[in-house]
Amino acid sequence: MKIRLILLQLVSREHYSLSFMCFFSLQTLCSHLYKDSSPYGSLNNIVKGLSLLTDSFSDLSLTSEPRKPCKKPPPNYLCHLCFNKGHYIKDCPQARPKGEGLTPYQGKKRWFGEYKCPKCKRKWMSGNSWANMGQECIKCHINVYPHKQRPLEKPDGLDVSDQSKEHPQHLCEKCKVLGYYCRRVQ
């Protein structure tokens, strides 16, 4: 019964395909376990059932998304990253692996960043956004990394804060690491 509880938890976490396969694998296991008149089944039936279950689980993927084969782009398509033919930008061999780096931008310059605190959901924007550096949320006092970054010259039509004013250095990870005002770097 504990196994069925785990399956219900999997379903509630939206792992439908995984839980669906687990359910049928466990049904197969249970049918082998309870074949004999004994309520516990014979050792032989348990081994057979576990073997079937192991085979079923070996076919499963650890990701919740089904794997899609890479589609070939049209013959004249150029990758927007390396400018070579034959693949899309998401399949580019020069692309950074996902999860590498704490921020979208990985260069050395100061950029414009958009932040959202995961704890209190407070949003803010800053013209003092650096690669792999965060800013402290005023309410929660936790370091938050930008979810979006873009060059200072192109703030997508949004009003960039006054660049002549100093920003609060006690909230800026870059200032803390440097030990002085981060804009002195540029």
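Just so you know, this note's numbering puts the end of the sequence shown at 1031, numbered straight through with nothing missing. For glycine and all other residues, C-beta sits at the position ideal for the given N, C-alpha and C.
Counting Cβ pairs closer than 8 Å, one from the stretch 945 to 958 and one from the stretch 925 to 935, do we hit at least three?
-> The answer is no - the stretch 925 to 935 does not touch the stretch 945 to 958, with fewer than three Cβ pairs under 8 Å.
Given a threshold of 16 other Cβ atoms within 10 Å of its Cβ, counted over all protein chains shown, does S971 qualify as buried or as exposed?
-> Here S971 is buried, its C-beta having at least 16 other C-beta atoms within 10 Å.
Which word fits N921, buried or exposed, when buried means at least 16 other C-beta atoms lie within 10 angstroms of its C-beta?
-> Note on N921: under 16 other CB atoms within 10 angstroms of its CB, so exposed under the neighbour-count rule.
Look at the alpha carbon of L923 and the alpha carbon of Y933, and state the distance between them as a whole number of angstroms.
-> Each residue's alpha carbon lies about 8 Å from the other.
Report buried or exposed for L888, applying the criterion of at least 16 other Cβ atoms within 10 angstroms of its Cβ.
-> Exposed, because fewer than 16 other Cβ atoms sit within 10 Å of the Cβ of L888.
Go through its chain and collect everything with a Cβ distance to P1000's Cβ below 6 Å, but skip five positions before and after it.
-> The predicted model places P1000 with a pLDDT of 49, which falls under 50 and marks its position as unreliable; any figure quoted below should be read in that light. Excluding residues within five positions, the ones whose Cβ falls inside 6 Å are F957.
Do you know offhand how far F868's Cα is from N977's?
-> Confidence at F868 is low in this model, with a pLDDT of 49, below 50, so its placement is unreliable and no value can be given for it.
To which residues of the same chain is Y990 closer than 7 Å at the C-beta, ignoring the five residues directly before and after it?
-> L947, T948, G979, listed in sequence order.
In or out: K968 buried (at least 16 other Cβ within 10 Å) or exposed?
-> When all chains shown are included, K968 counts as exposed.
Could you check the C-alpha separation between E1011 and G952 for me, to the nearest Å?
-> Rounded to whole angstroms, E1011 to G952 spans 22 Å at the Cα level.
Residues sharing a beta bridge with F957, DSSP = The partner list for F957 (beta bridge, DSSP) reads R995.
What do you reckon, are the CB atoms on K961 and H986 nearer than 8 Å?
-> It is not a contact, given that the beta carbons lie outside the stated cut-off.
Is S816 buried or exposed, if buried means 16 or more other CB atoms sit within 10 Å of its CB?
-> For the chain, the structure presents residues 846 to 1031; residue 816 sits outside this window and is missing.
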